[in-house]
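Residue numbers (my numbering): 154 to 487.
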Ligand code: UDP
Ligand code: MG
């Protein structure tokens with residue numbers, strides 16, 4: 154039917170782009186020329202249509218101006234300008250919303266993870282994965298940073314329930330499906346690799362090369378890293394607050410035990426000095442109850458928080474009986 158034909162046209166047009174590459178940019182002026190050159194060459198070697206989306210995350214060093222120049226000279230380049238510095242993950246999310254590719258890749262601007270690895274990740278994705286992450290096998294970062302990453306990585310693996318060696322690596326590729334689901338979550342600030350893995354049916358990581366930062370410095374000072382870690386921990390599980398509740402229960406039980414001990418001691422040995430320790434026992438019981446109460450309140454707030462952030466409880470992977478001509482509509486049996 155011609156009517157259906159025209160209806161389907163816009164969708165066909167959006168599917169034309171095979172690969173979208175998203176690069177968050179925060180004061181990376183000195184890296185941009187090399188980055189763009191290498192990225193362009195990599196994408197040109199793949200003959201499918203691609204787009205590059207640079208997301209300027211409130212740079213103040215002239216990165217934005219340079220990017221908009223690139224944008225003017227090339228059709229495939231798009232630049233999103235964020236109103237201020239929203240953080241790397243927020244910038245990547247903004248890129249996701251604008252990306253039209255069937256496969257979406259993310260890449261850091263500092264060339265620590267080489268753009269030349271993208272085709273390798275895309276090939277892996279096409280074997281039937283939803284998410285392919287890079288794993289920086291031979292990492293060139295200072296050791297305190299590597300140690301911090303190790304700890305965060307363990308915590309993330311536990312919270313997400315999928316063991317990965319390198320959640321921090323932002324050279325990753327995602328299927329269109331996962332990108333749509335991430336957008337539908339309506340998330341604000343979060344750790345994209347972890348969210349993607351909670352949504353993915355099949356995810357995998359493959360080793361990639363890693364280099365020292367060529368120019369500029371890391372935007373992750375210790376405090377920033379710590380905040381990302383907290384965001385991660387409270388964003389993906391209620392475990393921390395549950396541990397507080399658990400600690401409260403133990404303190405309370407210890408208080409009761411101590412009280413019982415003092416009671417027996419009083420019967421067998423006689424009263425202790427002025428009943429000071431009895432006071433301690435009672436104090437412990439109440440203190441424990443207090444901590445528990447704080448933990449419980451925290452738990453409820455945590456749940457409300459989860460609700461407000463609208464994490465999906467489940468995702469419908471397929472709808473059977475759908476009219477193939479008009480996706481989203483149920484086929485009538487007439
Ligand atoms: N970035 C960003 N906004 C920020 C911090 C970083 O867009 O607030 C970008 C930055 O320009 C780079 C990427 O995120 O492209 C990774 O940053 P960086 O190399 O400093 O992180 P590291 O390699 O130290 O983890
Ligand atoms: Mg870096």
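Positions of the beta carbon are idealized from the N, C-alpha and C atoms, including for glycine.
Member of 353, 455, 324, 338 whose CA lies at the smallest distance from the CA of residue 174: In the chain shown, residue 174 corresponds to position 21, counting from 1. The shortest C-alpha separation from residue 174 is found at 324.
May I ask you to report which of helix, strand or coil DSSP gives residue 175? On the chain shown, residue 175 is found 22 positions in, with the first residue counted as 1. DSSP places residue 175 in strand when its eight states are reduced to three.
How should residue 293 be labelled, buried or exposed, when 16 other C-beta atoms within 10 angstroms of its C-beta is the threshold for buried? Along the chain shown, read from residue 1 onward, the residue named residue 293 stands at position 140. Result: exposed.
If you draw a straight line from the C-alpha of residue 289 to the C-alpha of residue 358, how long is it? Residue mapping note: residue 289 aligns to position 136 of the chain shown, counting from 1. Residue mapping note: residue 358 aligns to position 205 of the chain shown, counting from 1. Taking the straight line joining both Cα atoms gives about 10 Å.
Exercise answer, beta-carbon shell around ligand 1 heavy atoms below 6 Å: 177, 178, 179, 181, 210, 238, 240, 241, 244, 261, 262, 263, 265, 371, 372, 373
Per-residue DSSP class, three states only, for residue 259: Counting from 1 along the chain shown, the entry for residue 259 is found at position 106. Of the three classes helix, strand and coil, the one that applies to residue 259 here is strand, per DSSP.
Leaving out the 5 sequence neighbours to the left and right, which residues in its chain are closer than 6 Å to residue 412 when beta-carbon positions are compared? Position 259 of the chain shown, counted from the first residue, corresponds to residue 412. Once the five neighbours on either side are set aside, the close Cβ partners of residue 412 are 434.
Could you name the residues of the same chain whose beta carbon sits closer than 6 Å to that of residue 257, not counting the 5 residues immediately before and after it, in chain order? Translated into positions along the chain shown, residue 257 becomes position 104. Here the set comprises 173, 327, 332.
Could you tell me whether the stretch 309 to 320 touches the stretch 344 to 353, where touching means 3 or more Cβ pairs closer than 8 Å? yes
N- and C-terminal bounds of the beta strand (DSSP E) containing residue 208: Taking the first residue of the chain shown as position 1, residue 208 is located at position 55. Its beta strand (DSSP E) spans residues 203 to 209.
Shorter than 8 Å, the distance from the beta carbon of residue 366 to the closest heavy atom of ligand 2, or not? Taking the chain shown and counting its residues from 1, one reaches residue 366 at position 213. Yes.
Go ahead and pull the three-state DSSP assignment for residue 166. The count along the chain shown starts at 1 and reaches residue 166 at position 13. Note on residue 166: pLDDT 46, under 50, position unreliable in the model; the coordinate value appears next. Correct three-state label for residue 166: helix.
Residue 394 bridges to which residues according to DSSP? Residue mapping note: residue 394 aligns to position 241 of the chain shown, counting from 1. Paired residue(s): none; residue 394 is not in a bridge.
Please go through the same chain and pick out, in chain order, the residues whose beta-carbon is closer than 7 Å to the beta-carbon of residue 238, but skip the five residues on each side of it. As a first step, residue 238 must be located in the chain shown, where it is residue number 85. Result list for residue 238: 179, 210, 211, in chain order.
Can you have a look at residue 465 and say buried or exposed, based on whether 16 or more other CB atoms are within 10 angstroms of its CB? Translated into positions along the chain shown, residue 465 becomes position 312. With a pLDDT of only 46 at residue 465, under 50, the local geometry of the prediction cannot be trusted, and the value read off the model is given with reservation. The residue is exposed, with fewer than 16 neighbouring Cβ atoms inside 10 Å.
Check residue 307 in the structure and name its three-state DSSP category. The residue you call residue 307 lines up with position 154 of the chain shown. Residue 307 falls in the helix class under three-state DSSP.
As an exercise, report each continuous beta strand (DSSP E) stretch of at least 3 residues that is fully enclosed by the stretch 343 to 406, in chain order. 356 to 361
From the DSSP output, in three-state form, read off residue 191 for me. Numbered from 1 along the chain shown, position 38 holds the residue referred to as residue 191. Here residue 191 sits in helix by DSSP.
Residue range of the alpha helix (DSSP H) that includes residue 515: Here the chain comprises residues numbered 154 to 487, so residue 515 is not present and cannot be evaluated.
Would residue 453 be called buried (16 or more neighbouring beta carbons within 10 Å of its own) or exposed? Residue numbering aside, residue 453 sits at position 300 when the chain shown is read from its first letter. Residue 453 should be labelled exposed.
Proximal residues to residue 230 (C-beta, below 6 Å), its chain only, five neighbours per side dropped: Indexing the chain shown from 1 puts residue 230 at position 77. If we look at residue 230 and ignore the five residues flanking it on each side, its Cβ neighbours are 205, 223, 224.
Do you know how far the Cα of residue 451 is from the Cα of residue 410? Against the chain shown, residue 410 aligns to sequence position 257. Against the chain shown, residue 451 aligns to sequence position 298. Going by the C-alpha atoms only, they are around 27 Å apart.
Residue 197 to residue 242, Cα distance in whole Å? Reading the chain shown from its first residue, position 44 is the one you call residue 197. Reading the chain shown from its first residue, position 89 is the one you call residue 242. Distance between the alpha carbons of residue 197 and residue 242 is about 27 Å.
Going by C-alpha distance, which of 272, 309, 392 is nearest residue 382? Residue 382 sits at position 229 when you count from the first residue of the chain shown. Residue 382 has its Cα closest to that of 309, out of 272, 309, 392.
Which two residues bound the contiguous beta strand (DSSP E) that contains residue 234? For the purposes of this step, residue 234 is taken as residue 81 along the chain shown, with counting starting at 1. Residue 234 -> beta strand (DSSP E) spans 230 to 234.
Who pairs with residue 288 in a beta bridge, going by DSSP? What you label residue 288 is simply residue 135 of the chain shown in a count that begins at 1. Answer is 360.
I need the straight-line Cα distance from residue 330 to residue 408, nearest angstrom please. Locating residue 330 in the chain shown gives position 177, where the first residue counts as 1. Locating residue 408 in the chain shown gives position 255, where the first residue counts as 1. Taking the straight line joining both Cα atoms gives about 53 Å.
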